[in-house]
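Just below is one structure, and these are the notes that go with it.
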Amino acid sequence: MTAPTGIPQRESWATRAGFILAAVGSAVGLGNMWRFSYIASEGGGAAFVLLYLVIVLIVGIPLMTAEFVVGRMSQESPARALKRLGGKAWAPLGWLFVFCGLGILSYYSVIAGWTMRYAVDAVRNAIPEDTAAYFAQVSSGGDAVIAHLIFMAITVYIVASGVKKGIERASLIMMPLLFLILIGLALWAATLPGGGAGYAYYLKPDLRRLLEPEILADAAGQAFFSLSLGMGALMTYASYLKSEENLGREAATVAFADTGVAFVAGLVVFPVIFSFGLTDQVSESTVGALFISLPKGFELLGRLGDYIDTAFFVMLFFAALTSAISLLEVVVAALVDVWNLPRRATAIGAGAGIALLGLPSAYDTDILGASDQLVGNFLLVVGGFFTALLVGYKLLTQADAELSKGLANQTLRRRWAMLIRYAVPVILLGVIASGLRPTWQALRTLFGV
Ligand code: PFF
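Given below as structure tokens:
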């Protein structure tokens, strides 16, 4: 498509549903399916879920609104837009986003590769009985590398196909299927004998835990990762918006969908584990529960289990893929918009680079964990903190005007501005401070000092 001036026209979403489902697709990912329910069960059950909701309301939705507003206002990648709108000093923030995209996708794709392998083997009915040995095989060495490379190739293919034909189409197909499968699985899990103990373990409120400072940091880190905040992914998606919808409402929709999926995923995982007496594996590792205990539980069901594990891992694979495309899109949009590169070649080049960057994580889960702590936990919060400062102090007038296009209610917009200027930065400063120690540890693991 070429505009009369000869400059290639930037793409945009075909439909509002396409944008929403792509944004929900970015948010709903591996983070929802295992991380949330475990952090919740260890962090105070229902009490944690409440704290998490408060953070989503006070920090998540306002910041997501801010990302949407800057994205739609700029009509270009954050890597270019932040410098143009905020001045030279803000250019590094746009590149920090790109760095986070590269960094997260490099290891995210490794875990996604495992889920893809599980999904394929589940369809072929080839998940062996000894799920622990199977997981060890799938998650290390050559098997893990091959799955990681194939998953990256699929991600590249979708992003290379463009915003409408690639990302929007993939989200419109995969997200409704994901919702259907999840609801089906939750209803099935509710019928399991002895599953009630699982709900109790997941949600038993423990108010004392809420007073511990790490719980706040855990909840905030999880919220950022799960909502895809702090690295311009949703900003990039919103830069393909043309219409003037209410961006506050869109942010609330995406945040509630994401939180709902995380919550319901826990209603699937825990009853299965308790009903089949697999609780000893729960405390060992979160990954172990998902990839070892659950398939073991499904196995005990015989034929029905074959369908259920297929549904479960296909759902996980869809969740991972729609998130991975948003991570790659941040990088690709930056290169396309800053240097005017062609999308297809850029997606292939960036994907190849990320695939290489992920090799150490495919071989060594300590490196994977350290990368997750550094980029997935810490840098996202740092990115969110600076985004709030930029929007709240430097761009507020413009941002408010942009938001007002779909949100006429001035009181709501004023409240949003207060949150972005005061509550969000203060809370995030606390979260950053409490994340310094584990991040230092992660750096030592990564650089071997
Ligand atoms: N939100 C995704 C998940 O919960 O798995 C992960 C993610 C995607 C984080 C995109 C950040 C991002 F920009």
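Its first residue numbered 0, the sequence shown is counted upward by one per residue in numbering that gives the first Met the number 0.
By construction, the Cβ of each residue, glycine as well, lies at the ideal position given by its N, Cα and C atoms.
Unbroken alpha helix (DSSP H) stretches of 4 residues or longer found wholly inside the segment 359-388: 364-370 and 379-388, given in chain order. Closer than 7 Å to some heavy atom of the ligand PFF: that does not describe the Cβ of M234. Rounded to whole angstroms, the Cβ separation of L240 and F18 is 6 Å, and the two are in contact under 8 Å.
Of all residues, those with a beta-carbon under 6 Å from at least one heavy atom of the ligand PFF are S25, A26, G28, L29, G30, N31, I103, F224, S225, S227, M230, A232, S322, S325 and L326, reported in chain order. By the Cβ test, the segment 58-66 is not in contact with the segment 310-326, since fewer than three Cβ pairs between them sit closer than 8 Å. Boundaries for K203: no alpha helix (DSSP H) harbours it, and the DSSP string shows neither H nor E there. Its Cα nearest to that of G24, the residue A256 stands out among T364, L209 and A256. The beta carbons of A216 and Y51 sit no closer together than 8 Å.
Excluding residues up to 5 positions away in sequence, F35, S36, A39 and Y201 lie with their Cβ nearer than 7 Å to the Cβ of G265 in the same chain. Residue environment analysis places G44 among the buried positions, since at least 16 neighbouring C-beta atoms fall within 10 angstroms of its C-beta. Taking a C-beta distance under 8 Å as the contact criterion, I347 and S105 do not qualify as a contact pair. From the listed residues W33, V313, R414 and L427, the smallest Cα separation to F377 is found for L427.
Taking S11 as reference, the option from G93, S73, A416 and T130 with the minimal CA-CA separation is S73. Annotation for V122: T309 and V313 place their beta carbon closer than 8 Å to its own, counting only its chain and skipping 5 residues before and after. By the Cβ neighbour-count rule, I145 is exposed, with fewer than 16 other Cβ atoms within 10 Å of its own. Ranked by Cα distance from G247, the options A16, T444, T64 and R436 are led by T64. Separation of G93 and L148 (C-alpha to C-alpha, rounded to the nearest whole angstrom) is 27 Å.
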